[in-house]
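Participant:
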Amino acid sequence: MSLATTPPSATVTPVRIPSLDIIRGLAVLGILVISIQEFGGFSVAEQNFYRVGTHGGNYKLLTLISVLFEGKMRALFALVFGAGIILFMQKKHPVPISGADAYIRRQFWLIIFGVVNAFIFLWPGDILFHYGVLGILLFAFWRLSPRALFIAGLVCTLVFCGKQYWNYSDDKKDYKKYLAVTSLEKKFKADSLTRARKDSSDRTMDTILLKDTLRKNKLADSLAKKNDTLTKKQAGEKGKWEGIVKGLKYDSASAKAEKKAMRNHHYGKIWDHLLERSQQRESSWLYRIGIWDIGGMMFLGMALLGMGFFHRKWAGSKYLIIALVCIAIGFLLAWWRIQQNNTRLIDYAKFVEKHSLPYDLFFPIERLLLAIGYASLVLGLLKASVFKWIWQGFAAIGRMAFTNYILQTLVCTFIFYGYGLGYFGRLQQWELYFIVIEIAIVQLIFSVLWQRYYNLGPVEWLWRSLVYRKWLPNKKKTESTV
Amino acid sequence: MDENNSNNPQAIVIPLEANEPPGRDGAGGTAPVSGADRIKSIDTIRGVALLGILMMNIPGFGINWDFWYTVTHSQRSGKDYYTFATVFVFFEGTMRGLFSMLFGAGMVLFMMNKKEIPGQPTVAEYYYRRLLWLVLFGLINAFVLLWPGDILFFYGLCGMLLFAFRKLKPKWLLVIALACVSIGIVKNQWGWNEFRTKRAAYTEAVDAKKEKKKLTEEQQGAITKWTQIEKNQKPDTATTNNNLRKMRSDYGTIFTYFIPRNANGEIQYMYHGLWDMLAMMFLGMALFAWGFFSNKLRTSTYALWLLAGYGIGIPMGWILFDKGWMSWASIGPSAFTDAWRSAPEIFAEFRRIPITIGHASLVMLIFRSRLVPWLMKALANVGQMAFTNYLMQSIICTWFFYGYGFGNYNKLRFHQLYYVVFSVWLFQLLFSTVWLRFFRFGPFEWLWRSLTYWKKQPMRK
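For the protein sequence lines, the chains are A and B, in the order given. Take the first sequence: its letter number 460 is residue 459 in numbering that gives the first Met the number 0, and every next letter is one higher. Take the second sequence: its letter number 11 is residue 10 in numbering that gives the first Met the number 0, and every next letter is one higher.
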C-alpha cells in the first residue's frame, strides 16, 4: 500500500509498519468474538446464568473466551491506535496542511463515523466515537518521551483499577445500609407483634366481643399499621441493594422482553430501544471508565512505538520472553477473576461480607498484560518468520480495519436484528462463533481482493478524503506501485 | 492584525516577535499592533461577562433550590420577586453566552498570535495542552473547590472541537452556530414531546378509569409516572432538609455529597448540553472575525445591534418569564403541558442570543463613548484576569456560604444574595486593578501559562 507520499528521508518512520497491520487485523477479528455476544443476544445475565450453573460445555466455552478475549482485543486495538497517533503525526500529507489540523480533523471524522455506527447502524458497542474523543485528548501528549508515555499508560491503568475498587466499596456501603435497614425492619416486626398481641388481649374491651376471629383481625390491623414505618430513604436503601443483586441474576421475563424488542421488524422501534444504551456508552461509560480503559492502552501503544517495539527492533528472544511472562501472569489473573466472579454470582451478599477486594480489581492489568503479551507473541513469531501466509491475511484485514469494523456492524445487525434476519437470541453461544468464523473468512477474502485493485479500503478512503477535503485517487496503478 | 483585512481572517498576517511565548491569555499579543484599546475592548466585555456570571451562579452557591418554587408561587411583588424577574428576564443565560462567545474569540486569538518555531511543539500543541489544563482546572473547581456549576471543564473540551473550525469564513461559522442552535432545539423539542407523551398516556389512562375499564399494567404505570411528576414539582422537605444539613457541614461531607452531583453534571451537560455552548462559541468566532469585539464596527452599527438585540430579546424574555416559568408554576405542569406544544426552553435560546448581542453592543458603545473610563478600565482588568476571577468567585462564595466557611447557606433571602454579588464585584474590580499594577498576569493565569509552556513564566511587571 503505497501512497504518493513516500517519506523523503530515512529518518522519517515509514508510513506503514506491517506488524502493526497484522496486530490490528487480529484485534479487529478478536473484537468480533466478544461483540458477537451483544449482537447475537447472548446477554451478560445469561452468561451469569451459565457461571452459577453446572460447569458444563457452555461454561467451559464461556471461560475460555473470557480468559483469551474479553477486553483484550479492544485493548490490542487501542494499543495499535495509540501507535498510529505517533505515526500519523510524523507522516507527510498529500495536501498542504499542518499535522495538527489533519490529525484533529481525522479524529473529528472518526467521532462522526462513530455516531453513525452507533445511531444509524445501531451498534451500541461502537468504539469509534470513543477513539475519536480519546485521540483528541491525547494529542497534546504525542511528543512526550516513550518513558513518560509508558508511565502515563500505567497510571491510567492503575486509576482504572482504583475505580474498580471504588465501585466495589460503593457496593459494600450499599450492602451495609441494606443490612441496617433490614435489621431495623425485623425489629419493627417484633415490636409491632408484641404490641399487637398486647392490643388484642386488652381486657378492658367488651369481653363478649373478643372472639378469636376479631382478635386475629385486630392483630393483623395492628401489624400493618406499625410495620410500615421505614422512611422513604430507608426503603430506597433497601431497594438499591436488592436491585444490585437482582441485576446479577438471569431474569427470564426481561430476557424475553429484550428478545422481543430486538426482533421487532421496524428499524425505528429498535432505534428507540437502543438509543439510551448508546448514549450511556458515549457519555457515562466514557467519562467513568472509557478514558482510563482506552486512554491507558493508547498511551502504552504510543510508548511502545517510540521504543521500537512494533518496528521489530528488539531481539526475537526478548519478544518471546515478554510474551511468555505477560501471557502467563495474564492467564493467572484471568483465572483468579473468573473464580472470584463465580463466587460473587452465587451469592453477592456473602461475597461482599467475606472479600475485601472486588473480583475485577486486576482486570485492567490482566488485559494490559495479555494485550502486550499477544502483540509480543505475534512480533516474536514474525521475527522468526513462521506462518508467513497467515500474517499476510491478517495484514490485509488490518490495513482495512476501519472498513472491516464497520462491515461487522452491518453484517451482524443484518443477521441478528429484527429488520434483518432476526436471529437475535436464537443461537447458542457456540453457534455464534461459527458466525464469527464465517465473517472472518469473508472479511479475509474481501480484504485481499479489494486491495488487489485499490490502495485503501472504502471507508479508509472516504475517511482520508474527508480529512483532506479532496477525493483522493484510490485505484491501484497496475503493478507499478513502488 | 491589519485593519484593512479584518473582514477576512484568513488573510490576516500577524507580525510577531520571535520570542515565545507571547500573548496574554486569549487577549492578544504582548505588543499589540494597532493600539491597546482594541484588545481592551475584548477584555472589557469579558470583564462584564465574568462579573455577570456571578449573578446567575449565586443562587447555586447560596440558596436551596426550593427558592425557585417559593418565588414562582408567591405574589408577584416584593423584593425577591422583582430581583428574580429582573435577573431572569435580562440576564439568564446571557452572561454565560457572552463568556462563551469570548472564549470562541479568544481561541482564534490564541492561534493567530503565535509563531511556529521549528523543532518546538507547534502552536496547536500548546493550544491543546492549554485546554487540557483547563479541563483539569475545571475538575478541581468542581470536585475540590466544590462548585458543581463549573464551566471550565466544558469549555476546555469544547475548545478542543473548535480548533478544527478556526479557519472557516465567518459566514460559515455563523451557519454552524445556527446548526448547533437547531440541534439544541430539536433535542429540546424531542424531550418535550416525550414529556407530552407521558401526559397523554396519563390522560388516556384516567379516561379509561372513568369509563370503569380495567386498566392495563402500562396504563397504571402511566398514571403513577405523571402523578409522580406533579408531586415532584413541590420541593420535598426531606430532600431540602438533607441538603441544608449537608451544605452546612464540614468539607469532607460536602466533598462526598458533591461527587455524584459533579460527575453526573459533567456527563449529562457535556453530552447533551454542549450544543448550547458550542453555538455561542461559534457565534463568538464569527463576530470576532467581523471585528465586532475588537471595536472595529461603526457606532451606528453597534447602536443598531443594541436596538435589535434588546428589541427582540427583552420582549421574548418577558414572554418566556411570564408565560413560561411563572405560568408553569401558577397553572401547574398538567395544564401547562396541555397548553404548549413546545417547551419554554426553546424560546430561551431565541431570546438569549439577541440579548447577549445587545449586552455586548451596549458595552462596546459605552467603551467607545469614553463615558466612564475608570469603570471600563477596571472592567478590562477584571477581564484580563478572568480565569483568576472566575476561580476566585468559587473560592469566595463557597467560603461565604458553605458549612466549612461562614455557613451562610440558605440564610439570606433571594434578593439579599445580590448584596453578596455586589460586594464580590467591588472586590474583584479593586483587586484586579491593584494586582495588575504590579504583575503582568493574574495569579491563576500565570499558573496556567506556566503549566501550558511547562516553564515558569515571568510574573512581575
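Idealized CB from N, CA, C, for every residue including glycine.
Which complete alpha helix (DSSP H) runs does the stretch 292 to 321 of chain B hold, if anything under 4 residues is left out?
Facilitator: 298 to 318
Participant: Can you list, in chain order, the residues of its chain whose CB lies under 8 Å from that of Trp324 of chain B, leaving out five sequence neighbours each side?
Facilitator: Reading the second sequence from its first residue, position 325 is the one you call residue 324 of chain B. Cβ within range, chain order: Thr71, Phe87, Pro343.
Participant: Would a check of beta-carbon distances place Phe162 of chain B closer than 8 Å to chain A?
Facilitator: For the purposes of this step, residue 162 of chain B is taken as the residue at position 163 of the second sequence. So, interface residue.
Participant: When you compare the CB positions of Ile85 of chain A and Met301 of chain A, do they come within less than 8 Å of one another, or not?
Facilitator: The residue you call residue 85 of chain A lines up with position 86 of the first sequence. The residue you call residue 301 of chain A lines up with position 302 of the first sequence. With respect to Met301 of chain A, Ile85 of chain A sits close: the two C-beta atoms are nearer than 8 Å.
Participant: Counting only the same chain and skipping the five closest in sequence on each side, list residues whose C-beta sits under 8 Å from that of Ala9 of chain A.
Facilitator: Sequence index remark: in the first sequence, residue 9 of chain A carries index 10 (1-based). In this prediction, Ala9 of chain A has a pLDDT of 35, which is less than 50 and means its spatial position is unreliable; what the coordinates show is noted afterwards. Same-chain partners within the cutoff: there are none.
Participant: Going along chain B in order, which residues have a C-beta closer than 9 Å to the C-beta of Ser65 of chain A?
Facilitator: Here residue 65 of chain A is taken as the residue at index 66 of the first sequence, counted from 1. Those within 9 Å of Ser65 of chain A in chain B number zero; the least Cβ separation is about 28 Å.
Participant: For Arg262 of chain A, name the three-state secondary structure that DSSP assigns.
Facilitator: Counting from 1 along the first sequence, the entry for residue 262 of chain A is found at position 263. Arg262 of chain A falls in the coil class under three-state DSSP.
Participant: What residue ranges within the stretch 238 to 287 of chain B form continuous alpha helix (DSSP H) runs of no fewer than 4 residues, ordered along the chain?
Facilitator: 250 to 271
Participant: Do Val377 of chain A and Lys78 of chain A count as a contact pair if the criterion is CB distance below 8 Å?
Facilitator: Walking along the first sequence from the start, residue 78 of chain A turns up at place 79. Walking along the first sequence from the start, residue 377 of chain A turns up at place 378. Inspection of the sequence shows that residue 78 of chain A is occupied by Leu rather than by Lys. No, the Cβ-Cβ distance between Leu78 of chain A and Val377 of chain A is not below 8 Å.
Participant: Can you check whether the CB of Thr181 of chain A is closer than 8 Å to the CB of Pro363 of chain A?
Facilitator: Counting from one through the first sequence, the residue named residue 363 of chain A turns up at place 364. Counting from one through the first sequence, the residue named residue 181 of chain A turns up at place 182. Cβ distance not < 8 Å, so Pro363 of chain A and Thr181 of chain A don't count as in contact.
Participant: Between Ser18 of chain A and chain B, is there a C-beta pair that is closer than 8 Å?
Facilitator: On the first sequence, position 19 is the one that residue 18 of chain A refers to. Chain B contact via Cβ: absent.
Participant: Relative to chain B, which residues along the stretch 137 to 162 of chain A have a C-beta separation below 7 Å, given in chain order?
Facilitator: Phe138, Ala139, Arg142
Participant: Going by alpha carbons, who is nearest to Phe405 of chain B out of B:Met246, B:Thr196, B:Lys208?
Facilitator: Mapped onto the second sequence, residue 405 of chain B falls at position 406. Considering only alpha carbons, the answer is B:Met246.
Participant: Given that a residue counts as buried once 16 or more other Cβ atoms are within 10 Å of its Cβ, and exposed if not, what is Ala99 of chain A?
Facilitator: For the purposes of this step, residue 99 of chain A is taken as residue 100 along the first sequence, with counting starting at 1. It is buried - the Cβ of Ala99 of chain A has at least 16 other Cβ atoms within 10 Å.
Participant: Comparing C-alpha positions only, which one of B:Pro58, B:Leu273, B:Tyr309, B:Val371 sits nearest to Cys179 of chain B?
Facilitator: For the purposes of this step, residue 179 of chain B is taken as residue 180 along the second sequence, with counting starting at 1. Per the Cα distances, B:Leu273.
Participant: From Phe120 of chain A to Arg350 of chain B, what distance separates their C-alpha atoms?
Facilitator: Your numbering for residue 120 of chain A matches position 121 in the first sequence. Your numbering for residue 350 of chain B matches position 351 in the second sequence. Spanning the two alpha carbons is a distance of roughly 37 Å.
Participant: Any Cβ of chain A within less than 8 Å of the Cβ of Ile253 of chain B?
Facilitator: In the second sequence, residue 253 of chain B corresponds to position 254, counting from 1. No, Ile253 of chain B lies away from the interface with chain A (no Cβ there is under 8 Å from its Cβ).
Participant: Tell me which residues share the same chain as Leu127 of chain A and place their Cβ nearer than 6 Å to its Cβ, disregarding the 5 neighbours each side in the sequence.
Facilitator: Taking the first sequence and counting its residues from 1, one reaches residue 127 of chain A at position 128. The answer, listed in chain order, is Leu109, Phe112, Gly113, Asn116.
Participant: Out of B:Arg439, B:Tyr125, B:Thr93, point me to the one whose CA is closest to Met106 of chain B's CA.
Facilitator: Start at 1 with the first residue of the second sequence, and residue 106 of chain B comes out as number 107. Among B:Arg439, B:Tyr125, B:Thr93, the Cα nearest to that of Met106 of chain B is on B:Tyr125.
Participant: Assess, as a yes-or-no matter, whether the stretch 437 to 447 of chain B is touched by the stretch 110 to 122 of chain B under the definition of 3 or more beta carbon pairs within less than 8 Å.
Facilitator: no
Participant: Count the C-beta pairs between the stretch 285 to 297 of chain B and the stretch 165 to 179 of chain B that are closer than 8 Å, then say yes if the count reaches three, no if not.
Facilitator: yes
Participant: Counting only beta-carbon separations shorter than 8 Å, does Arg463 of chain A have a partner in chain B?
Facilitator: The residue you call residue 463 of chain A lines up with position 464 of the first sequence. With 8 Å as the cut-off, Arg463 of chain A does not count as an interface residue toward chain B.
Participant: For the 8 Å Cβ check, are there 3 or more pairs between the stretch 92 to 101 of chain B and the stretch 39 to 48 of chain B?
Facilitator: yes
Participant: Helix, strand or coil: which one does DSSP assign to Tyr201 of chain B?
Facilitator: Along the second sequence, one-based indexing puts residue 201 of chain B at 202. It is helical.
Participant: Can the beta-carbon of Tyr416 of chain A be found less than 8 Å from the beta-carbon of Met306 of chain A?
Facilitator: In the first sequence, residue 416 of chain A corresponds to position 417, counting from 1. In the first sequence, residue 306 of chain A corresponds to position 307, counting from 1. Not in contact: Tyr416 of chain A and Met306 of chain A (Cβ atoms no closer than 8 Å).
Participant: Thinking C-beta only, is Arg129 of chain B closer than 8 Å to Gly387 of chain B?
Facilitator: On the second sequence, position 388 is the one that residue 387 of chain B refers to. On the second sequence, position 130 is the one that residue 129 of chain B refers to. At residue 387 of chain B the sequence reads Thr, which differs from the Gly that was named. Going by C-beta atoms, Thr387 of chain B is not nearer than 8 Å to Arg129 of chain B.
Participant: Under three-state DSSP, which class holds Arg498 of chain A?
Facilitator: Outside the shown range of chain A, which is 0 to 481, sits residue 498 of chain A, and nothing can be said about it.
Participant: Taking only the alpha-carbon atoms, compute the straight-line gap between Ala74 of chain A and His129 of chain A and give it to the nearest angstrom.
Facilitator: On the first sequence, residue 74 of chain A is found 75 positions in, with the first residue counted as 1. On the first sequence, residue 129 of chain A is found 130 positions in, with the first residue counted as 1. Whole-angstrom Cα-Cα distance: 13 Å.
Participant: Per DSSP, Tyr453 of chain A forms a beta bridge with which residues?
Facilitator: Translated into positions along the first sequence, residue 453 of chain A becomes position 454. Looking at the DSSP assignment, Tyr453 of chain A forms a beta bridge with A:Lys474.
Participant: Does the beta carbon of Glu37 of chain A sit closer than 8 Å to a beta carbon anywhere in chain B?
Facilitator: Translated into positions along the first sequence, residue 37 of chain A becomes position 38. Cβ-Cβ to chain B under 8 Å: no for Glu37 of chain A.
Participant: What residues in the stretch 86 to 119 of chain A have a beta carbon less than 8 Å from any beta carbon of chain B?
Facilitator: Cβ contacts with chain B: Ser97, Gly98, Ala99, Asp100, Ile103, Arg104, Phe107.
Participant: DSSP has Arg459 of chain B in a bridge; who is on the other side?
Facilitator: Here the question's residue 459 of chain B lines up with position 460 in the second sequence. Paired residues: B:Phe438.
Participant: Under the rule that 16 or more other beta-carbon atoms within 10 Å means buried, what is Gly25 of chain B, buried or exposed?
Facilitator: Translated into positions along the second sequence, residue 25 of chain B becomes position 26. Since pLDDT at Gly25 of chain B reaches only 37, below the 50 mark, its modelled position is unreliable, and the value read off the structure follows with that caveat. Burial call: buried.
Participant: Do Gly40 of chain A and Gly379 of chain A have their C-beta atoms within less than 8 Å of each other?
Facilitator: Taking the first sequence and counting its residues from 1, one reaches residue 40 of chain A at position 41. Taking the first sequence and counting its residues from 1, one reaches residue 379 of chain A at position 380. Contact check for Gly40 of chain A against Gly379 of chain A fails: the beta carbons are separated by 8 Å or more.
Participant: By the three-class DSSP mapping on this structure, what secondary structure does Phe128 of chain A have?
Facilitator: Counting from one through the first sequence, the residue named residue 128 of chain A turns up at place 129. In the structure shown, Phe128 of chain A sits in a helix (DSSP, three-state: H, G or I).
Participant: Pairs of beta-carbons, one from the stretch 351 to 358 of chain A and one from the stretch 395 to 415 of chain A, closer than 8 Å: are there three or more?
Facilitator: no
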